[in-house]
Amino acid sequence: MTRPFLPQPHDKFTFGLWTVGNVGRDPFGDPVRWAMSPVEIVHLLAEVGAYGVNFHDNDLAPIDASPAERDRIVRSFRQALEDTGLVVPMATTNLFTDPAFKDGAFTANDPNVRAYALQKTMQAIDLGVELGAQVYVFWGGREGVETDAAKNPVTAIQRTREAMNFLCEYVQDQGYDLRFALEAKPNEPRGDIYNATTGNMLAFIATLEHPEMVGVNPEVAHEQMAGLNFLHHVAQAWEAGKLFHIDLNDQAFGRYDQDYRFGAVNLKSAFFLVKFLEDVGYDGSRHFDAHAYRTEDREGVKDFARGCMRSYLILKEKAAQWNADREIQALLAEINADDGSTDAWKGAYSRAKANALKAASFDRQALGARGLGYERLDQLTVELLLGVR
Ligand code: GLT
Ligand code: MN
Ligand code: MN
Numbered sequence: 001m002t003r004p005f006l007p008q009p010h011d012k013f014t015f016g017l018w019t020v021g022n023v024g025r026d027p028f029g030d031p032v033r034w035a036m037s038p039v040e041i042v043h044l045l046a047e048v049g050a051y052g053v054n055f056h057d058n059d060l061a062p063i064d065a066s067p068a069e070r071d072r073i074v075r076s077f078r079q080a081l082e083d084t085g086l087v088v089p090m091a092t093t094n095l096f097t098d099p100a101f102k103d104g105a106f107t108a109n110d111p112n113v114r115a116y117a118l119q120k121t122m123q124a125i126d127l128g129v130e131l132g133a134q135v136y137v138f139w140g141g142r143e144g145v146e147t148d149a150a151k152n153p154v155t156a157i158q159r160t161r162e163a164m165n166f167l168c169e170y171v172q173d174q175g176y177d178l179r180f181a182l183e184a185k186p187n188e189p190r191g192d193i194y195n196a197t198t199g200n201m202l203a204f205i206a207t208l209e210h211p212e213m214v215g216v217n218p219e220v221a222h223e224q225m226a227g228l229n230f231l232h233h234v235a236q237a238w239e240a241g242k243l244f245h246i247d248l249n250d251q252a253f254g255r256y257d258q259d260y261r262f263g264a265v266n267l268k269s270a271f272f273l274v275k276f277l278e279d280v281g282y283d284g285s286r287h288f289d290a291h292a293y294r295t296e297d298r299e300g301v302k303d304f305a306r307g308c309m310r311s312y313l314i315l316k317e318k319a320a321q322w323n324a325d326r327e328i329q330a331l332l333a334e335i336n337a338d339d340g341s342t343d344a345w346k347g348a349y350s351r352a353k354a355n356a357l358k359a360a361s362f363d364r365q366a367l368g369a370r371g372l373g374y375e376r377l378d379q380l381t382v383e384l385l386l387g388v389r
């Protein structure tokens with residue numbers, strides 16, 4: 001029996017113009033799908049039940065559009081938003097497609113490229129804010145190198161900081177209600193990209209002049225490309241108050257950037273991610289930054305988009321089931337049992353506590369001999385996910 005699992009506005013499911021609009025070009029092959037206009041994409045997203053649409057400046061208006069052309073495109077896009085009720089929660093700048101950015105944007109060695117990148121970003125911020133964006137993503141796809149002979153990595157960090165500080169001040173100066181979300185990726189399209197993981201980004205943000213304006217936009221596939229546990233990065237960002245946005249998709253570990261449908265590869269990881277987001281009450285966009293397989297036509301693109309949202313909602317239901325499962329909860333209670341015998345040493349340091357703790361005796365062998373039941377707990381989780389609980 002299949003159930004609808006229909007997306008609702010409060011789910012905040014969003015897609016980029018570049019995701020469902022992906023024409024299936026890859027390094028070895030030409031496009032396999034007709035390009036859709038931004039207006040067509042908005043209508044497709046409305047048809048499948050999405051809440052919002054995000055864009056790069058040049059997904060909307062080509063980089064060489066005249067001001068009149070740009071205005072016409074923006075007008076028709078705005079009309080499509082009004083007609084469908086879709087919103088624009090996030091916008092970003094394309095700082096990677098044009099050959100001018102072949103050596104990066106904010107980190108390029110050529111000061112004219114760095115200046116042009118700032119100019120382009122300010123204009124794209126204006127456009128994003130004009131259409132309602134409250135989160136602005138920075139994905140530095142070209143901010144890297146193929147050879148470290150080309151650039152001192154410390155210089156790269158300093159240039160990125162200078163650009164971020166400049167742009168934060170720009171947003172404040174304009175009086176915009178906008179926060180920045182930095183998106184890490186370890187490589188591709190550059191050989192190596194600076195600030196390669198979400199953890200790097202968090203450390204970098206703390207060095208900015210307006211750290212309160214800046215958070216992160218972790219992407220499932222990007223941490224997995226680096227062989228890392230995505231949930232742990234999301235949790236660290238959340239705990240630091242920095243989870244401003246999230247890019248959901250999927251990816252086999254160790255492969256090229258696959259951008260698969262959410263839940264397509266690592267179901268158990270996707271489950272724990274959804275469970276985390278729902279348990280902590282993350283209320284930002286659930287943005288699917290992925291695209292349909294290259295084998296798909298327009299209908300397949302809709303299957304892809306519906307599949308992302310449907311899998312999220314199914315996993316959300318599974319998370320609620322996990323939280324309500326008596327056996328699982330009893331096991332968790334047992335695992336986390338605390339008989340209060342260590343209370344005297346808990347909490348903030350004091351010399352008295354330290355001395356008492358140093359004098360205490362522990363049954364080390366008993367501690368090591370105790371089975372923890374994680375096998376049973378994990379198997380219960382797997383069986384719940386497989387639908388037999
Ligand atoms: C690009 C990249 C994504 C980024 C987008 C924002 S564009 O498709 O692969 O991860 O989020 O610039
Ligand atoms: Mn990606
Ligand atoms: Mn992304």
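Per the working numbering, the sequence shown runs over residues 1 to 389.
Built from N, CA and C at the ideal position, the CB exists for glycine as well.
Bear in mind the structure is a predicted one, so any value in this text is a computation, not a measurement.
message: By alpha-carbon positions, which one of R3, D247, D103, L95 ends up nearest to A117?
response: The count along the sequence shown starts at 1 and reaches residue 117 at position 117. If we check each option's Cα against that of A117, L95 comes out closest.
query: Under 8 angstroms, do T14 and R286 count as touching if we go by C-beta distance?
result: The count along the sequence shown starts at 1 and reaches residue 14 at position 14. The count along the sequence shown starts at 1 and reaches residue 286 at position 286. Contact: yes.
- prompt: Would a C-beta distance cut-off of 8 angstroms place T155 and A124 closer than the cut-off?
  reply: For the purposes of this step, residue 155 is taken as the residue at position 155 of the sequence shown. For the purposes of this step, residue 124 is taken as the residue at position 124 of the sequence shown. Contact flag unset, no.
- prompt: Is D250 closer than 8 angstroms to A264 when the C-beta atoms are compared?
  reply: Here the question's residue 264 lines up with position 264 in the sequence shown. Here the question's residue 250 lines up with position 250 in the sequence shown. It is a contact, given that the beta carbons lie within the stated cut-off.
query: On the premise that L380 lies in contact with E327, defined as a C-beta separation below 8 angstroms, what is that separation, rounded to the nearest angstrom?
result: By 1-based counting over the sequence shown, the position of residue 327 is 327. By 1-based counting over the sequence shown, the position of residue 380 is 380. Correct: roughly 6 angstroms between the Cβ atoms.
- prompt: Cα separation between I157 and N195?
  reply: Counted from its first residue, the sequence shown places residue 157 at position 157. Counted from its first residue, the sequence shown places residue 195 at position 195. Whole-angstrom Cα-Cα distance: 8 angstroms.
Strand pairing of M90, partner residues [DSSP]: Translated into positions along the sequence shown, residue 90 becomes position 90. Paired residue(s): V135.
- prompt: Beta-carbon separation of N22 and H245 under 8 angstroms?
  reply: What you label residue 22 is simply residue 22 of the sequence shown in a count that begins at 1. What you label residue 245 is simply residue 245 of the sequence shown in a count that begins at 1. No, the pair does not count as a contact, with Cβ atoms beyond the cut-off.
- request: Could you tell me the boundaries of the beta strand (DSSP E) in which L182 lies?
  value: Position 182 of the sequence shown, counted from the start, is the residue given in the question as residue 182. Per DSSP, L182 belongs to the beta strand (DSSP E) from 179-183.
- request: Please work out which residues of its chain come closer than 7 angstroms, Cβ to Cβ, to D98, disregarding the five sequence neighbours upstream and downstream, and give them in chain order.
  value: Translated into positions along the sequence shown, residue 98 becomes position 98. Excluding residues within five positions, the ones whose Cβ falls inside 7 angstroms are I63.
field: Reference F180; option with closest CA among V32, P186, F166, G85
entry: The count along the sequence shown starts at 1 and reaches residue 180 at position 180. Here the closest residue by C-alpha is F166.
message: Can you tell me whether T207 is buried or exposed? The criterion is at least 16 other CB atoms within 10 Å of its CB, across all chains shown.
response: For this step, residue 207 is matched to residue 207 along the sequence shown. The residue in question, T207, is exposed, as its Cβ has fewer than 16 Cβ neighbours within 10 Å.
query: What residues in its chain sit with their C-beta under 6 angstroms from that of H56, if we drop five residues either side in the sequence?
result: Residue mapping note: residue 56 aligns to position 56 of the sequence shown, counting from 1. Cβ neighbours of H56 beyond the five flanking positions: T92, N94.
- prompt: How about A80 and E69: do their beta carbons lie closer than 8 angstroms?
  reply: On the sequence shown, position 80 is the one that residue 80 refers to. On the sequence shown, position 69 is the one that residue 69 refers to. Against a cut-off of 8 angstroms, the Cβ pair of E69 and A80 comes out as no contact.
query: Is the beta carbon of C168 less than 8 angstroms from the beta carbon of H222?
result: One-based indexing of the sequence shown puts residue 168 at position 168. One-based indexing of the sequence shown puts residue 222 at position 222. Not in contact: C168 and H222 (Cβ atoms no closer than 8 angstroms).
Collapsed DSSP secondary structure at H287 in the structure displayed: Your numbering for residue 287 matches position 287 in the sequence shown. Residue state, collapsed to three classes: strand.
Spatially closest choice to L267 from Y282, G215, W238, L231, by CA coordinates: Sequence index remark: in the sequence shown, residue 267 carries index 267 (1-based). Nearest option by C-alpha distance: L231.
- request: Report the residue ranges of all alpha helix (DSSP H) runs contained in full by the region 218-294; include only those spanning at least 4 residues, in chain order.
  value: 220-225, 230-239, 267-280
message: Along the chain, where does the alpha helix (DSSP H) containing T198 start, and where does it finish?
response: On the sequence shown, residue 198 is found 198 positions in, with the first residue counted as 1. Here the alpha helix (DSSP H) through T198 covers 198-205.
- request: Under 8 angstroms Cβ to Cβ from Q235, same chain only, skipping five residues before and after it: list those, please.
  value: As a working mapping, residue 235 is identified with position 235 in the sequence shown. For the sequence presented, residue 235 should be read as Ala rather than Gln. Excluding sequence neighbours, A235 sits near F276.
query: Can you tell which of G227, E146, Y176, P186 has the C-alpha that lies nearest to the C-alpha of M213?
result: The sequence position of residue 213 within the sequence shown is 213, counting from 1. Checking every option, the nearest Cα to that of M213 belongs to Y176.
message: Can you tell me which residues form a DSSP beta bridge with V216?
response: Residue numbering aside, residue 216 sits at position 216 when the sequence shown is read from its first letter. DSSP, once it has assigned bridges, lists L182, L243 as partnering V216.
- prompt: Of the choices R33, Y312, Q365, R389, whose alpha-carbon is the least far from that of P4?
  reply: Along the sequence shown, read from residue 1 onward, the residue named residue 4 stands at position 4. Of the listed residues, the one whose Cα sits closest to P4 is Y312.
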